[in-house]
Amino acid sequence: MDELEAIARAFRQWGRAGGGGLCRKAVVGQLAEVAAALDEHQVPAIERRLYTVMAELAGTAASMSWDIGQQRRAQDYYRLALRAAHAGGDTLFGANVLAGMARQMLYQDRPHDALELVRLAQDGVRRTAGSRLRAMLHTREAWALASMDRPSGFRRATAQAADALSSADRHETEPYWIGYFNDAELAGVTGGRLLEMARSQPRTYADQAADHIRTALEQRGPEAGRSHALDWIGLAECAFLLGDTQSATEYSRRAVDVASRLRSGRVRVQLAQLYPYTVGDGVPRAVADVRGSIRSLLTA
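So this is what it looks like as structure tokens:
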């Protein structure tokens, strides 16, 4: 069991870094092994641990499947993760799964469904969630509210996330899978949501978005994998929205360089959103060069 739990943790780290392809197949294979072990008679304590490992592996498989565009399969894995977490009595991870499902709904432009899932997660762990988990759930809530064009609700939920994170006690024990949620993650997520609002109101939100994304970049480096790439892409788009072509070009180059080392569909989708900013008559040569780099990466 110790080895299985260590494997689940390693796979989850691969997933956060943008793992896919063979990594996903390895996760699915290990998931089948755990399912086979559960088909046999186990003492209750081992059975609970096996269900917890199954939940974590299924959650990782869901995230990886979604990252490569297999949305329906990702939903199936999320449902399996939720059932396994319930069977293992792991309500905290169950809330985390609901948050993952909500994030998928947000990428599919279904913010009302996402908000319902987040509120369900919050209700389920209101008395048991630690500071980081509460903060993460508030950011998902903020994301949904921003997508529903409710800026006051977005600011309120974001402030609640910051308050929860700042109240974290260094002696507080939380599950390893929520350890990633820190000040850098909060800054990156907040910057991303402000960027979404900046696309329709650049003068109001683009500078704020860029400030938060810069903070994220300063606090986490290439080891953040997919998040690091998304930060550079977001910063480049902020610069384009602000009319700062020189900075936008430099940030786009950095984004392409980082993205080229990852096998992440989500990163490529976000990178594709930069392409329209580089198209048009009379664009500077540097911007045209960036356009070529983006096109080459997306068509590789």
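Here the sequence shown stands for residues 1166 to 1465, where the numbers follow my numbering.
Where is the CB? At the ideal position from N, CA and C, for every residue including glycine.
* Assign ASP1255 to buried or exposed, taking buried as 16 or more other Cβ atoms, counted over all protein chains shown, within 10 Å of its Cβ. => Counting the other Cβ atoms within 10 Å of the Cβ of ASP1255 gives 16 or more, which makes it buried.
* Within 10 angstroms of the Cβ of VAL1452, are there 16 or more other Cβ atoms? Answer buried if so, exposed if not. => VAL1452 comes out buried.
* When burial is assigned at 16 or more other CB atoms within 10 Å of the CB, is TYR1165 buried or exposed? -> Residue 1165 is absent from the structure shown; the chain starts at 1166 and stops at 1465.
* Going by the beta-carbon positions, is the gap between ALA1326 and ALA1352 smaller than 8 Å? -> At the C-beta level, ALA1326 and ALA1352 stay beyond 8 Å of one another.
* To do: Kindly indicate which residue of MET1229, MET1301, ALA1227, MET1270 has the alpha-carbon position closest to the one of THR1323.
  => Comparing Cα positions, the closest option is MET1301.
* To do: Can you grab the Cα-Cα spacing for the pair GLY1234 / LEU1439, in whole Å?
  => About 19 Å.
* Asked: If you draw a straight line from the alpha carbon of ALA1250 to that of ALA1311, how long is it in whole angstroms?
  -> For ALA1250 and ALA1311, the distance between alpha carbons rounds to 29 Å.
* Asked: With respect to 7 Å, is the separation between the Cβ of LEU1310 and the closest non-hydrogen atom of the ligand SAM below this value?
  -> Because no ligand of any kind appears in the structure shown, any question about the ligand SAM cannot be addressed here.
* To do: Just the C-alpha distance for GLY1295 and ASP1376, rounded to the nearest angstrom, thanks.
  => Roughly 28 Å between the two C-alpha positions.
* Asked: Which residue from GLY1399, LEU1462, TYR1442 puts its Cα closest to that of ALA1424?
  -> Considering only alpha carbons, the answer is LEU1462.
* To do: Can you tell me which of the three DSSP states PHE1346 falls into?
  => Looking at PHE1346 - three-state DSSP - the assignment turns out to be coil, as it is neither helix nor strand.
* Residue closest to ASP1314, alpha-carbon to alpha-carbon, out of SER1332, ARG1177, ARG1358, ASN1347 -> Distance check between ASP1314 and each of SER1332, ARG1177, ARG1358, ASN1347 places ARG1358 closest, using alpha-carbon atoms only.
* **Counted within 10 angstroms of its Cβ, other Cβ atoms place MET1229 as buried (16 or more) or exposed** => Label assigned to MET1229: buried.
* Inter-stretch contact (C-beta, 8 Å, three-pair minimum) for the segment 1420–1434 and the segment 1389–1401 -> With a cut-off of 8 Å, the segment 1389–1401 and the segment 1420–1434 count as touching, because enough Cβ pairs lie within range.
* To do: For ARG1364, count neighbouring C-beta atoms within 10 Å of its own C-beta (all shown protein chains included) and say buried if the count is 16 or more, exposed if not.
  => Around the Cβ of ARG1364, a 10 Å sphere holds fewer than 16 other Cβ atoms; the residue is exposed.
* Asked: Rounded to a whole number of angstroms, what is the C-alpha to C-alpha distance between GLN1207 and SER1412?
  -> Straight-line Cα distance between these residues: approximately 59 Å.
* To do: For GLU1361, I'd like the list of residues in its chain whose CB is within less than 8 Å of its CB, leaving aside the five on either flank, ordered along the chain.
  => Short of 8 Å from the beta carbon of GLU1361, and not among the five residues preceding or following it, lie these beta carbons of its own chain, in chain order: ALA1311, SER1312.
* Burial state of MET1219, where buried means 16 or more other Cβ atoms lie within 10 Å -> Taking a 10 Å sphere around the C-beta of MET1219, we find 16 or more other C-beta atoms and assign the residue as buried.
* Return helix, strand or coil for ILE1398, following the three-state DSSP convention. => It is helical.
* To do: Output yes if chain C places a C-beta closer than 8 Å to the C-beta of GLY1447; else output no.
  => Chain labels in this structure do not include chain C; a single protein chain is all it has.
* To do: Counting only the same chain and skipping the five closest in sequence on each side, list residues whose C-beta sits under 8 Å from that of VAL1199.
  => Contacts found: LEU1169, LEU1215, VAL1218, MET1219, LEU1222.
* Give every residue of the same chain whose Cβ lies closer than 6 Å to the Cβ of ARG1189, excluding the five residues on either side of it in the sequence, and list them in chain order. => Within the same chain, and ignoring the five residues on either side of ARG1189 in sequence, the residues whose Cβ sits closer than 6 Å to its Cβ are MET1229.
* With THR1225 as the anchor, note down where its alpha helix (DSSP H) starts and where it stops. => According to the DSSP assignment, THR1225 belongs to the alpha helix (DSSP H) that extends over 1209–1232.
* To do: Give the single residue among ALA1309, TRP1308, LEU1263 whose Cα lies nearest to the Cα of GLY1289.
  => The shortest C-alpha separation from GLY1289 is found at LEU1263.
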